[in-house]
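A.B. asks:
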Amino acid sequence: MARAGQVGGTATAPRPTLPAPSSRGGHSTRTAAAPQEARQDGAAPRQVAVVTGAGSGIGRAVALALSAAGWTVVLAGRRAEALAETSRLAGPAGPDAPAITTVPTDVTRPEQVDALFAAVHERFGQLDLLFNNAGTFGRAVPLEELAYDDWRTVVDVNLTGSFLCAQAAFRTMKAQEPQGGRIINNGSISAHTPRPHSIAYTATKHAITGLTKSLSLDGRPYHIACGQIDIGNAATEMTGPMQTGTLQANGQTAIEPVMDATDVARTVVHMAALPLTANVQFATVMATNMPYIGRG
Ligand SMILES: NC(=O)c1ccc[n+]([C@@H]2O[C@H](COP(=O)([O-])OP(=O)(O)OC[C@H]3O[C@@H](n4cnc5c(N)ncnc54)[C@H](OP(=O)(O)O)[C@@H]3O)[C@@H](O)[C@H]2O)c1
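Add 118 to the 1-based position in the sequence shown for this note's numbering, that's all there is to it.
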């Protein structure tokens, strides 16, 4: 696996020209150290997004949707080969195609997170969006049986990892010219209501709401918008148990409806494309018939 901060797999062969995302409301020309180059077709420079957990599931779907919408996308996650597969799925690279760059990163490691955002600054000179998505469910066991190390793993990835990435993005967005950017945190239905045997996941996802609110408040003076998407039952590896049968609040086991991760991705692209003068503060996107409303 490549070192954290190593930039690899930047796309360079032709892909259809796609519309650029909407401009950052009210801000002027960039003067960052290495800003995105002006495009041949005279269109606005592409905007730059970092997606964590981009090697699978929702992160992959969002990375592909942002790329298709014209964003330059930096893929982060621990598995270099999974990130490379996301890059491959984005299609052939080329001079007119949005760049896809992979930076293998463990979000629980402060030095690797710093290296990720340093690599983004060095390569693109700007950061417009962080999709703070990397997460883990942890072991579904009765809370009295949850081992300390299992608790710590979930807290480290879901909460500390999200904080480290948000802090690094915030520093970049505050310092860059024009100032500002957007952070979208991936919460969950579990940011509102628990499933049985999910104390670490539920506690950390509730904490994501606090992270979102603090980032929103502290970001106001610096044109940094922060929103949160709370997802329910997108079909990914993490929701495998919902598709085969999972414990319900009433003690029964049931198969639950799921939705496609691309429907989440479309929502994130919409949130990301707004000018910085507007923000989707919280959005809930869930499988229509999942047991949430009326759960238990
Ligand atoms: N699917 C749903 O219905 C649903 C519902 C609510 C919330 N969510 C949230 O959506 C996010 C993505 O979940 P998913 O459903 O797409 O499941 P997933 O496919 O298991 O994705 C989790 C991603 O997180 C990455 N990750 C885990 N630990 C990491 C670490 N230490 N450093 C960097 N990356 C790490 C994984 O990549 P590596 O293993 O390569 O590091 C993986 O790509 C999570 O935050 C989850 O809580 C999902």
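Where is the CB? At the ideal position from N, CA and C, for every residue including glycine.
What does the alpha-carbon distance come out to for the pair VAL224 and ARG196?
C.D. replies: Position 106 of the sequence shown, counted from the start, is the residue given in the question as residue 224. Position 78 of the sequence shown, counted from the start, is the residue given in the question as residue 196. The identity of residue 224 in the sequence shown is Asp, whereas the question assumes Val. About 5 angstroms.
A.B. asks: What's the call for ASP246, buried or exposed, on a 16-neighbour Cβ count within 10 Å?
C.D. replies: Locating residue 246 in the sequence shown gives position 128, counting from the first residue. With 16 or more other Cβ atoms within 10 Å, it is buried.
A.B. asks: Going straight from the alpha carbon of GLN244 to that of ALA372, what length do you get?
C.D. replies: For the purposes of this step, residue 244 is identified with residue 126 of the sequence shown, where counting begins at 1. For the purposes of this step, residue 372 is identified with residue 254 of the sequence shown, where counting begins at 1. If you take the alpha carbons of GLN244 and ALA372, they lie about 46 angstroms apart.
A.B. asks: Is there at least one non-hydrogen atom of ligand 1 closer than 7 angstroms to the beta-carbon of THR254?
C.D. replies: Position 136 of the sequence shown, counting from 1, holds the residue named residue 254. For ligand 1, at least one heavy atom lies less than 7 angstroms from the Cβ of THR254.
A.B. asks: Which full runs of the alpha helix (DSSP H) of 4+ residues lie inside the stretch 342-403, going along the chain?
C.D. replies: Fully enclosed alpha helix (DSSP H) runs of 4 or longer: 358-362, 379-391.
A.B. asks: Keeping to the same chain, check which residues put their C-beta closer than 6 angstroms to that of ILE317; ignore five residues upstream and five downstream.
C.D. replies: Taking the sequence shown and counting its residues from 1, the one referred to as residue 317 is at position 199. Correct list, in chain order: LEU261.
A.B. asks: Give every residue of the same chain whose Cβ lies closer than 6 angstroms to the Cβ of ALA167, excluding the five residues on either side of it in the sequence, and list them in chain order.
C.D. replies: In the sequence shown, counting from the first residue as 1, residue 167 sits at position 49. The beta carbon of ALA167 sits closer than 6 angstroms to the beta carbons of LEU184, TRP189, VAL191, LEU247 from its chain, once the five residues preceding and following it are set aside; these are given in chain order.
A.B. asks: GLU374 and ASN397 look like a contact to me (Cβ under 8 angstroms); what is the Cβ gap, rounded to whole Å?
C.D. replies: Within the sequence shown, numbered from 1, the residue matching residue 374 stands at position 256. Within the sequence shown, numbered from 1, the residue matching residue 397 stands at position 279. A Cβ-Cβ distance of about 31 angstroms is found for the pair GLU374 and ASN397, leaving them out of contact under the 8 angstroms criterion.
A.B. asks: Quick test of your reading: THR226 and ASP267, contact by CB under 8 angstroms. State the CB separation rounded to the nearest angstrom.
C.D. replies: Position 108 of the sequence shown, counted from the first residue, corresponds to residue 226. Position 149 of the sequence shown, counted from the first residue, corresponds to residue 267. In fact, because the Cβ distance is near 13 angstroms, the residues do not count as touching under 8 angstroms.
A.B. asks: Pick out whichever of ALA401, PRO222, THR278 has its Cα sitting closest to the Cα of GLU203.
C.D. replies: Position 85 of the sequence shown, counted from the start, is the residue given in the question as residue 203. Relative to the Cα of GLU203, the nearest Cα in the group ALA401, PRO222, THR278 belongs to PRO222.
A.B. asks: Does any heavy atom of ligand 1 sit closer than 7 angstroms to the C-beta of ASP378?
C.D. replies: As a position in the sequence shown, residue 378 is number 260, starting the count at 1. Not under cutoff, so the answer is no.
A.B. asks: Closer than 7 angstroms: is that where the CB of THR320 sits relative to any heavy atom of ligand 1?
C.D. replies: What you label residue 320 is simply residue 202 of the sequence shown in a count that begins at 1. The answer is no for THR320.
A.B. asks: Using only CA atoms, which one of ALA405, GLY173, ALA215, THR290 lies nearest to SER306?
C.D. replies: Mapped onto the sequence shown, residue 306 falls at position 188. The residue with the shortest Cα to Cα distance from SER306 is ALA405.
A.B. asks: Can you give me the C-alpha to C-alpha distance between PRO409 and VAL376, rounded to a whole angstrom?
C.D. replies: Locating residue 409 in the sequence shown gives position 291, where the first residue counts as 1. Locating residue 376 in the sequence shown gives position 258, where the first residue counts as 1. The straight-line gap from Cα to Cα measures roughly 11 angstroms.
A.B. asks: CB of ALA200 to nearest heavy atom of ligand 1: below 7 angstroms?
C.D. replies: Within the sequence shown, residue 200 is the residue found at index 82, counting from 1. Checking the Cβ of ALA200 against ligand 1 gives yes.
A.B. asks: Check the C-beta distance from ALA286 over to LEU333 and give it rounded, since I have them as a contact under 8 angstroms.
C.D. replies: Locating residue 286 in the sequence shown gives position 168, counting from the first residue. Locating residue 333 in the sequence shown gives position 215, counting from the first residue. Not a contact, Cβ separation roughly 12 angstroms.
A.B. asks: With a 10 Å radius around its C-beta and 16 neighbouring C-beta atoms as the bar for buried, classify GLY345 as buried or exposed.
C.D. replies: Mapped onto the sequence shown, residue 345 falls at position 227. Result: buried.
A.B. asks: When you compare only the Cα positions, how much space is there between ILE349 and THR327?
C.D. replies: Reading the sequence shown from its first residue, position 231 is the one you call residue 349. Reading the sequence shown from its first residue, position 209 is the one you call residue 327. Their Cα atoms are separated by approximately 13 angstroms.
A.B. asks: Only counting runs of 4 or more residues, tell me where the alpha helix (DSSP H) segments fall wholly within the stretch 268-324, in order along the chain.
C.D. replies: Every alpha helix (DSSP H) stretch that sits fully inside the stretch 268-324 and reaches 4 residues is listed by chain position as 280-293.
A.B. asks: Just to check, is the beta-carbon of ARG313 closer than 7 angstroms to a non-hydrogen atom of ligand 1?
C.D. replies: Counting from 1 along the sequence shown, the entry for residue 313 is found at position 195. It does not: the Cβ of ARG313 is nowhere closer than 7 angstroms to a heavy atom of ligand 1.
A.B. asks: Could you check if ARG196 belongs to the surroundings of ligand 1, using beta carbon to heavy atom distance under 7 angstroms?
C.D. replies: Taking the first residue of the sequence shown as position 1, residue 196 is located at position 78. Yes, the Cβ of ARG196 comes within 7 angstroms of a heavy atom of ligand 1.
A.B. asks: In chain order, what residues of the same chain lie with their CB nearer than 6 angstroms to the CB of PRO228, ignoring the 5 residues before and after it?
C.D. replies: For the purposes of this step, residue 228 is identified with residue 110 of the sequence shown, where counting begins at 1. Here the set comprises LEU282.
A.B. asks: Just to confirm, does GLY358 get its C-beta within under 7 angstroms of one of the non-hydrogen atoms of ligand 1?
C.D. replies: Looking up residue 358 in the sequence shown gives position 240. Not under cutoff, so the answer is no.
A.B. asks: Taking the alpha helix (DSSP H) that THR417 falls in, what are its first and last residues?
C.D. replies: Any answer about residue 417 is impossible in this case: the structure gives the chain only from 119 up to 414.
A.B. asks: Rounded to the nearest angstrom, what separates THR320 and ALA401 at their Cα positions?
C.D. replies: Within the sequence shown, residue 320 is the residue found at index 202, counting from 1. Within the sequence shown, residue 401 is the residue found at index 283, counting from 1. THR320 and ALA401: Cα-Cα distance of roughly 18 angstroms.
A.B. asks: DSSP has ASN250 in a bridge; who is on the other side?
C.D. replies: Taking the first residue of the sequence shown as position 1, residue 250 is located at position 132. According to DSSP, which records beta bridges pairwise, ASN250 is partnered with ASN303.
A.B. asks: Within the stretch 209-249, note down every full beta strand (DSSP E) run reaching 3 residues or more, in order along the chain.
C.D. replies: Fully enclosed beta strand (DSSP E) runs of 3 or longer: 218-222.
A.B. asks: Taking the alpha helix (DSSP H) that GLY175 belongs to, which residues open and close that run?
C.D. replies: Your numbering for residue 175 matches position 57 in the sequence shown. 175-186 is the span of the alpha helix (DSSP H), which, as asked, contains GLY175.
A.B. asks: Rounded to the nearest angstrom, what separates ARG241 and ARG164 at their Cα positions?
C.D. replies: For this step, residue 241 is matched to residue 123 along the sequence shown. For this step, residue 164 is matched to residue 46 along the sequence shown. Their Cα atoms are separated by approximately 13 angstroms.
A.B. asks: For MET291 and ILE347, which I take to be in contact (beta-carbon distance under 8 angstroms), what is that distance rounded to the nearest angstrom?
C.D. replies: For the purposes of this step, residue 291 is taken as the residue at position 173 of the sequence shown. For the purposes of this step, residue 347 is taken as the residue at position 229 of the sequence shown. So it is not a contact: roughly 19 angstroms between Cβ atoms.
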